[in-house]
Amino acid sequence: MYKDIILLTTSKKINNLCIAGVEKENGSWVRIISEDEEIQHAITTNDAMYEDGSMPQIMDIIRIKCKGYKPNYYQPENYVLDDSYYWEKVGTASIRELLRVHPVENNSFLFYDTDKCIERAYFNNLNDKDRYSLTLISPEDICVHVKQWSKHEKKKVTMSFNYSGNRYWYIRLTDTEFENIYLQYQDGNYNYREKCLLVVSLGDVNPKDNKHYKLIAKVLNIK
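With my numbering, letter number 43 in the sequence shown gets 43, and the count goes up by one each step, no holes.
The structure is reproduced here in structure tokens:
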């Protein structure tokens with residue numbers, strides 16, 4: 001099967017990539033995964049490129065050959081990549097075109113509650129139709145936090161914002177382009193005044209605490 005998607009994130013995952021977007025025709029979420037369990041089904045750079053060797057860009061419309069649909073208990077959007085084929089660019093979408101097929105989502109909560117993570121056990125009693133792990137939101141009152149939390153840790157960038165009447169604190173970023181800008185800043189809290197959309201993903205379970213963390217996979221500035 002082929003999937004024509006508007007590419008919305010190429011965020012970092014185990015030194016590789018988490019690839020996701022929405023279908024060009026109906027706006028459904030699609031996450032492209034590999035069969036490599038050692039990298040938690042991430043996509044390698046070599047497998048995420050066009051035939052000329054160039055890399056896809058955010059908002060490219062891409063035709064990707066997939067082996068099939070493979071959801072799991074917390075990510076119902078997953079499709080397995082057929083890595084024997086190059087990706088094909090078939091166009092470029094604007095923000096307006098994106099929102100025409102996939103308007104911003106206005107759920108009561110960002111992934112089920114107001115915390116920054118979800119217990120794995122939460123999914124045991126959740127209906128299949130209520131499961132999701134990708135969302136496109138329009139946040140308000142954004143603050144970017146830059147902090148070295150302990151002496152031997154690297155500096156980290158997180159974000160807090162309002163969504164559907166709730167405040168979400170210190171959500172991690174996997175958008176390397178955005179993160180790298182703020183890693184150059186001194187420790188502090190920075191109001192982010194650009195109008196933007198966020199692609200938020202629910203990550204793999206953390207083996208240290210058995211929780212799934214909410215991750216900002218892409219900051220999409222609205223020009």
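Glycine included, C-beta positions come from ideal geometry on N, C-alpha and C.
Residue j beta carbon less than 9 Å from that of residue i
i: R172; j: I142; result: no
i: K24; j: I43; result: no
i: M59; j: L8; result: yes
i: V101; j: G188; result: no
For residue j and residue i, the rounded distance between their alpha carbons
i: D82; j: Q186; result: 43 Å
i: V146; j: K156; result: 6 Å
i: K70; j: C117; result: 23 Å
i: S84; j: Q148; result: 42 Å
i: G68; j: M1; result: 7 Å
i: S138; j: S160; result: 13 Å
i: K154; j: R131; result: 33 Å
i: V265; j: V200; result: One cannot answer for residue 265 here, as it falls past the ends of the chain, which runs 1 to 223.
i: M55; j: I222; result: 22 Å
Exposed unless 16 or more other CB atoms sit within 10 angstroms - verdict on residue i
i: D209; result: exposed
i: K129; result: exposed
i: L183; result: exposed
i: W169; result: exposed
i: A121; result: exposed
i: I95; result: exposed
i: N16; result: buried
Chain D within 9 Å of residue i, Cβ atoms only
i: A217; result: Although the question refers to chain D, the structure presented lacks it and comprises just one protein chain.
Check: residue i C-beta below 8 Å from any heavy atom of the ligand HEM
i: W149; result: Of ligands this structure carries none, so the ligand HEM is not represented either.
Beta strand (DSSP E) runs contained entirely in the region 129-217, provided each spans 3 or more residues: 134-137, 140-147, 156-163, 166-173, 188-192 and 196-206
Taking contact to mean 3 or more Cβ pairs, one atom from each stretch, closer than 8 Å, check whether the region 161-169 and the region 100-111 are in contact. yes
Which full runs of the beta strand (DSSP E) of 3+ residues lie inside the region 22-101, going along the chain? 29-33, 60-69, 78-81 and 88-92
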